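In my numbering, the protein residues as written are 1 to 319. Heads up, the beta-carbon is just placed ideally off N, CA and C, and yes, glycines get one too. From a predicted model like this one, the values you see are computed outputs, not experimental measurements.
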Amino acid sequence: MEIDPRRLRILYEVARRGGVMRAAQALHLTSSAVSQQLAQLEREVGLPLIDRSQRSVSLTPAGRVLAGYAERVEEELSEARRELTRFTERLAGPVRIAAFATVIKHILVPALRELAVRHPRITPIVHEIYGQPALQELRLGSVDVLITEQDMGLPALSQPSLSTRLLFVDEYRIVLPPGWAEPPATVDDLMRCPWVASVSSHAAGQALDRLAGLHGAEPRKVHFVTEFDSALALVADGHGVAIVSTMALLNVPEGEVQVSDIREVGARRVDVVTRVGGTRSGEPDPVQAVVIEAIEEATAALEASLRGRLGEEERVSGP
Numbered sequence: 001m002e003i004d005p006r007r008l009r010i011l012y013e014v015a016r017r018g019g020v021m022r023a024a025q026a027l028h029l030t031s032s033a034v035s036q037q038l039a040q041l042e043r044e045v046g047l048p049l050i051d052r053s054q055r056s057v058s059l060t061p062a063g064r065v066l067a068g069y070a071e072r073v074e075e076e077l078s079e080a081r082r083e084l085t086r087f088t089e090r091l092a093g094p095v096r097i098a099a100f101a102t103v104i105k106h107i108l109v110p111a112l113r114e115l116a117v118r119h120p121r122i123t124p125i126v127h128e129i130y131g132q133p134a135l136q137e138l139r140l141g142s143v144d145v146l147i148t149e150q151d152m153g154l155p156a157l158s159q160p161s162l163s164t165r166l167l168f169v170d171e172y173r174i175v176l177p178p179g180w181a182e183p184p185a186t187v188d189d190l191m192r193c194p195w196v197a198s199v200s201s202h203a204a205g206q207a208l209d210r211l212a213g214l215h216g217a218e219p220r221k222v223h224f225v226t227e228f229d230s231a232l233a234l235v236a237d238g239h240g241v242a243i244v245s246t247m248a249l250l251n252v253p254e255g256e257v258q259v260s261d262i263r264e265v266g267a268r269r270v271d272v273v274t275r276v277g278g279t280r281s282g283e284p285d286p287v288q289a290v291v292i293e294a295i296e297e298a299t300a301a302l303e304a305s306l307r308g309r310l311g312e313e314e315r316v317s318g319p
């Protein structure tokens, strides 16, 4: 029995992604071409590998066994590529990075600038996507590196198939319209104000719900946004108060909004998430590793900038 390794890879992708169409997209083939290659693989092994009796494509018992071997072959190849890269030291290829707006602006852009100098053969591809859709794309292999956010009041993301490392703790601040002569002095005062609220699936939305729950209050949510820039624009124009991250305030002109002295809002955690299992060691491949290293270095520079800014604010507002 002689099996074409290219067809074995196709079977692996069908099993991994749960269907011919998704496998075809990942391999940049047509669904028809994938089906033809699978049919040829069945002729090579002399056994049916695909159960075509149902509307959704599934593997037969023989197909599942062969796909298991295909997965191990893929892991060995990934490990081989990792080891060979250490010899060549010529890192190249695409890396697909998913992130959200403030991270793209303040971390990814400087990280990619430095990456282009150090490793010009690496091609980063940025997707602005977050939440459950981003996690789904990471699991399916459409994304290699995910930067995600989560309110610090919730448990950290923990899944056997994913590796999560803390990148940054981004403190929340409450912002108010600039013209308020008597800004709210307590959380209870804030809860009576109109709110420009983030949606509950976002970390800032989770922070507002947590803050309200701790004080047994129901915030008066008037506007609903998904981006901090939108919240800041509405607050600046007097439409309500909002919770934003310290990172989101970096490039806001002085006087555009008021930053409340109330600091009991908590923070969001920003994590780097990758898949595990691509190699025996479970570590990301070398290309992903240097991308993550650049992201971590850009984050360290951002933290230093924020410490300087917060220190200056405290000196100005102190006695």
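Pick helix, strand or coil for residue i, following the three-state DSSP scheme.
i	result
alanine 15	helix
leucine 176	strand
leucine 49	coil
alanine 204	helix
arginine 7	helix
glutamate 256	coil
alanine 92	coil
serine 142	coil
arginine 64	helix
threonine 102	helix
aspartate 237	coil
aspartate 324	Missing from the structure shown is residue 324; the chain here goes from 1 to 319 and no further.
valine 187	helix
arginine 220	strand
proline 323	A query on residue 323 cannot be resolved here, the shown segment of the chain reaching from 1 to 319 and no further.
leucine 302	helix
tyrosine 69	helix
When burial is assigned at 16 or more other CB atoms within 10 Å of the CB, is residue i buried or exposed?
i	result
threonine 299	buried
histidine 28	exposed
glutamate 13	buried
proline 286	buried
glycine 68	exposed
threonine 186	exposed
proline 160	exposed
leucine 166	exposed
serine 260	buried
alanine 98	buried
glutamate 182	exposed
valine 383	A query on residue 383 cannot be resolved here, the shown segment of the chain reaching from 1 to 319 and no further.
valine 65	exposed
threonine 246	buried
arginine 275	buried
aspartate 4	exposed
valine 222	exposed
proline 219	buried
Going by DSSP, what residues sit across from residue i in a beta bridge?
i	result
histidine 274	Note that residue 274 is threonine in the sequence shown here, rather than histidine. Ser163.
glutamine 25	For glutamine 25, which the question treats as bridged, DSSP gives no partner whatsoever.
glutamine 288	According to DSSP, glutamine 288 bridges with nothing at all.
leucine 59	Ile50
glutamine 37	Glutamine 37 pairs with nothing; no bridge assigned.
serine 198	Val225
aspartate 170	Arg268
glutamate 74	Answer is none; glutamate 74 lacks a bridge partner.
alanine 242	Val175
isoleucine 125	Arg96
I need the straight-line Cα distance from residue i to residue j, nearest angstrom please.
i	j	result
valine 196	aspartate 189	15 Å
arginine 268	leucine 208	12 Å
serine 200	glutamine 206	5 Å
glycine 213	valine 244	18 Å
leucine 249	proline 133	26 Å
alanine 24	isoleucine 10	8 Å
phenylalanine 327	valine 143	The chain is shown only over 1 to 319; residue 327 falls outside these bounds and no answer can be derived.
arginine 96	isoleucine 125	5 Å
glutamate 254	alanine 236	11 Å
leucine 135	leucine 146	8 Å
arginine 7	glutamine 37	6 Å
arginine 17	leucine 140	6 Å
isoleucine 104	proline 110	9 Å
isoleucine 50	aspartate 271	39 Å
glycine 318	methionine 152	Because the pLDDT of glycine 318 is 42, which lies under 50, any placement of that residue in the model is unreliable, and the question is left without a value.
threonine 226	threonine 164	24 Å
alanine 231	proline 177	11 Å
glutamate 137	glycine 179	44 Å
serine 35	glutamine 288	31 Å
threonine 60	methionine 21	18 Å
arginine 192	arginine 210	16 Å
glutamine 150	isoleucine 107	17 Å
Can you tell which of the options has its C-alpha closest to the C-alpha of residue i?
i	options	result
valine 241	Thr226, Leu249, Leu250 and Gln258	Gln258
glycine 19	Val175, Val45, Arg6 and Arg52	Arg52
glycine 131	Ala101, Val109 and Val117	Ala101
arginine 118	Pro160, His239 and Leu91	Leu91
alanine 62	Ser245, Arg307 and Leu41	Leu41
valine 290	Leu115, Val222 and Glu128	Leu115
threonine 123	Arg113, Pro94, Gln136 and Gln288	Pro94
serine 198	Phe228, Leu302, Glu297 and Arg43	Phe228
histidine 202	Ala217, Cys193 and Tyr172	Tyr172
glutamate 293	Glu71, Arg113, Thr60 and Ser58	Arg113
phenylalanine 168	Arg210, Leu302 and Leu157	Leu302
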